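Asker:
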Amino acid sequence: MTPGYIAAVLMMAVTMQGDGNAADAIAKRFKAQVVVETGLTVPASSSASLRAATIEKALDALVAEMPGSTWRRLHVQVPSGKPMPTARALADRVRMVEGQSGANLVIEKPADTRATVLMGNYSVTPAYRSELTKAQYRTVYLILHARAPRESAAKPQADERAPQDQSVVVDVFGDMLGTFFSLDPDSQQAGMQQAMSLLQTLDPGSRADFVTTMWRSMSPELKADIARSIMRYEQMRQRGP
Numbered sequence: 025m026t027p028g029y030i031a032a033v034l035m036m037a038v039t040m041q042g043d044g045n046a047a048d049a050i051a052k053r054f055k056a057q058v059v060v061e062t063g064l065t066v067p068a069s070s071s072a073s074l075r076a077a078t079i080e081k082a083l084d085a086l087v088a089e090m091p092g093s094t095w096r097r098l099h100v101q102v103p104s105g106k107p108m109p110t111a112r113a114l115a116d117r118v119r120m121v122e123g124q125s126g127a128n129l130v131i132e133k134p135a136d137t138r139a140t141v142l143m144g145n146y147s148v149t150p151a152y153r154s155e156l157t158k159a160q161y162r163t164v165y166l167i168l169h170a171r172a173p174r175e176s177a178a179k180p181q182a183d184e185r186a187p188q189d190q191s192v193v194v195d196v197f198g199d200m201l202g203t204f205f206s207l208d209p210d211s212q213q214a215g216m217q218q219a220m221s222l223l224q225t226l227d228p229g230s231r232a233d234f235v236t237t238m239w240r241s242m243s244p245e246l247k248a249d250i251a252r253s254i255m256r257y258e259q260m261r262q263r264g265p
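Quick note: the sequence shown uses our numbering, first residue 25, plus one each step.
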């Protein structure tokens, strides 16, 4: 990777940390993980959610500004080494479970003495939430479609089957921006827009990790080259076409 390419990646990733939307603002304010199902438009800001005293009231205010949306608090236990499911996958699971009716159900697998438990109207107390935390469940606030989107949940889009891995993002960036600074201004702008779209596949925390991981892996010489590349880009941008 050239210093120019890495500089472009870092500039875009760092810039996006501050761009955000109303959901990102809630996540930052309450130090929580807030994810949004694809297909929903989140407003850039929400004055009502900013005035809310709790995350629950903030999310209530936000979804009131997003027609056709609702939210749920999830407790998710992810196996070690596995990524958190996408917002779409979580939303599909929520709709499937909430769509079930009838008696509570325990599905036992005698071969390994494991069971899947489906229980409705279970009372969740603060003590129970504490036990979930001890069991390494992660609390996720999910904003989702109140009704399932028309496209089949059984056939998710390719980019929704799993979260974007940082290594995948790096590889694609290598193809997209490897010669970034050799492009003409129009091509640079198009490349930046494509790269911005790609970075949006990472949640804010992953974007921050992406920047930190890349920076820490660089030699002092490479960091100096990148700083010069960033300065050069800023000079080009200020001069304009």
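Idealized CB from N, CA, C, for every residue including glycine. For clarity, every value in this text was computed on a predicted model and none was experimentally measured.
How long is the line joining the alpha carbons of arginine 138 and aspartate 210, rounded to whole angstroms?
Answerer: If you number the sequence shown from 1, residue 138 lands on position 114. If you number the sequence shown from 1, residue 210 lands on position 186. Approximately 58 angstroms between the Cα atoms of the pair.
Asker: Taking glycine 63 as the reference, give the member of Asn128, Ala111, Ala85 with the closest Cα.
Answerer: Start at 1 with the first residue of the sequence shown, and residue 63 comes out as number 39. Residue Ala111 is the option with its Cα nearest to glycine 63.
Asker: Note down the Cα distance separating arginine 147 from proline 244, rounded to an integer number of angstroms.
Answerer: For the purposes of this step, residue 147 is identified with residue 123 of the sequence shown, where counting begins at 1. For the purposes of this step, residue 244 is identified with residue 220 of the sequence shown, where counting begins at 1. This sequence places serine at residue 147; arginine is not what is there. Cα to Cα, the separation comes out at about 55 angstroms.
Asker: Tell me the rounded alpha-carbon separation between glutamate 122 and serine 71.
Answerer: The count along the sequence shown starts at 1 and reaches residue 122 at position 98. The count along the sequence shown starts at 1 and reaches residue 71 at position 47. Taking the straight line joining both Cα atoms gives about 31 angstroms.
Asker: Ordered along the chain, which non-local residues of its own chain (more than five positions away) have a Cβ less than 7 angstroms from that of serine 73?
Answerer: On the sequence shown, position 49 is the one that residue 73 refers to. Around serine 73: Ala46, Ile50, Ala82, Ala85, Leu86.
Asker: State the DSSP-derived secondary structure class of arginine 97, mapped to helix, strand or coil.
Answerer: Residue mapping note: residue 97 aligns to position 73 of the sequence shown, counting from 1. Reduced to three states, the DSSP call for arginine 97 is strand.
Asker: Along the alpha helix (DSSP H) that carries arginine 153, what are the first and last residues, could you check?
Answerer: As a working mapping, residue 153 is identified with position 129 in the sequence shown. In this chain, the alpha helix (DSSP H) harbouring arginine 153 covers 150 to 158.
Asker: With respect to the beta strand (DSSP E) encompassing lysine 133, which residues constitute its N-terminal and C-terminal limits?
Answerer: As a first step, residue 133 is located in the sequence shown; it is residue number 109 there, counting from the start. Run containing lysine 133: 129 to 133, per the beta strand (DSSP E) assignment.
Asker: Express the C-alpha separation of glutamine 160 and aspartate 116 in angstroms, rounding to a whole number.
Answerer: For this step, residue 116 is matched to residue 92 along the sequence shown. For this step, residue 160 is matched to residue 136 along the sequence shown. Taking the straight line from one Cα to the other gives about 22 angstroms.
Asker: For tyrosine 152 and valine 100, I'd like the C-alpha separation in whole angstroms.
Answerer: The sequence position of residue 152 within the sequence shown is 128, counting from 1. The sequence position of residue 100 within the sequence shown is 76, counting from 1. Spanning the two alpha carbons is a distance of roughly 14 angstroms.
Asker: At the level of alpha carbons, what is the spacing between valine 58 and proline 67?
Answerer: Along the sequence shown, read from residue 1 onward, the residue named residue 58 stands at position 34. Along the sequence shown, read from residue 1 onward, the residue named residue 67 stands at position 43. Valine 58 and proline 67: Cα-Cα distance of roughly 14 angstroms.
Asker: Return the residue from the list Ala135, Ala88, Leu129 that minimises the CA-CA distance to leucine 168.
Answerer: Mapped onto the sequence shown, residue 168 falls at position 144. The shortest C-alpha to C-alpha distance from leucine 168 to any of Ala135, Ala88, Leu129 is the one to Ala88.
Asker: So leucine 129 and leucine 142 are supposed to be a Cβ contact under 8 angstroms. How far apart are they, rounded?
Answerer: Numbered from 1 along the sequence shown, position 105 holds the residue referred to as residue 129. Numbered from 1 along the sequence shown, position 118 holds the residue referred to as residue 142. About 4 angstroms separates the two Cβ atoms, so the contact holds.
Asker: I'd like to know whether the C-beta atoms of alanine 76 and tyrosine 165 end up nearer to each other than 7 angstroms.
Answerer: Here residue 76 refers to the residue found at position 52 when the sequence shown is read from its first residue. Here residue 165 refers to the residue found at position 141 when the sequence shown is read from its first residue. Cβ atoms of alanine 76 and tyrosine 165: not closer than 7 angstroms.
Asker: Can you tell me the Cβ-Cβ gap for alanine 170 and threonine 65, rounded? I've got them flagged as a contact below 8 angstroms.
Answerer: By 1-based counting over the sequence shown, the position of residue 170 is 146. By 1-based counting over the sequence shown, the position of residue 65 is 41. Actually they do not touch by this definition, with Cβ atoms about 14 angstroms apart.
Asker: Would you kindly work out how many angstroms separate the C-alpha atoms of proline 103 and serine 69, rounded to a whole number?
Answerer: What you label residue 103 is simply residue 79 of the sequence shown in a count that begins at 1. What you label residue 69 is simply residue 45 of the sequence shown in a count that begins at 1. The alpha-carbon atoms of proline 103 and serine 69 are separated by roughly 34 angstroms.
Asker: Just to confirm the assignment, what range does the alpha helix (DSSP H) spanning arginine 117 have?
Answerer: For the purposes of this step, residue 117 is identified with residue 93 of the sequence shown, where counting begins at 1. Its alpha helix (DSSP H) spans residues 111 to 122.
Asker: How big is the Cα-Cα spacing for glutamine 124 and lysine 247?
Answerer: To locate residue 124, count along the sequence shown from 1; it is residue 100. To locate residue 247, count along the sequence shown from 1; it is residue 223. So the alpha carbons of these two residues sit roughly 55 angstroms apart.
Asker: With DSSP run on the structure shown, which of helix, strand or coil describes alanine 139?
Answerer: Here residue 139 corresponds to residue number 115 of the sequence shown, with the count starting at 1. Here alanine 139 sits in strand by DSSP.
Asker: Using the Cβ count rule (16 or more neighbours within 10 Å means buried), how would you classify aspartate 48?
Answerer: Here residue 48 is taken as the residue at index 24 of the sequence shown, counted from 1. By the Cβ-count criterion, aspartate 48 is buried, with 16 or more other Cβ atoms from all chains shown falling within 10 Å of its own Cβ.
Asker: Should alanine 172 and arginine 119 be called a contact, given that it needs their Cβ atoms to be closer than 7 angstroms?
Answerer: By 1-based counting over the sequence shown, the position of residue 172 is 148. By 1-based counting over the sequence shown, the position of residue 119 is 95. Taking 7 angstroms as the Cβ cut-off, alanine 172 and arginine 119 qualify as a contacting pair.
Asker: Taking the DSSP output, what are the residues bridged to threonine 305?
Answerer: Missing from the structure shown is residue 305; the chain here goes from 25 to 265 and no further.
Asker: Which class does leucine 86 belong to by DSSP, given the choice of helix, strand or coil?
Answerer: Locating residue 86 in the sequence shown gives position 62, where the first residue counts as 1. If DSSP states are grouped into helix, strand and coil, leucine 86 belongs with the helices.
Asker: Could you tell me the boundaries of the beta strand (DSSP E) in which valine 60 lies?
Answerer: Residue 60 sits at position 36 when you count from the first residue of the sequence shown. It spans 57 to 60 - the beta strand (DSSP E) in which valine 60 sits, taken as one unbroken run.
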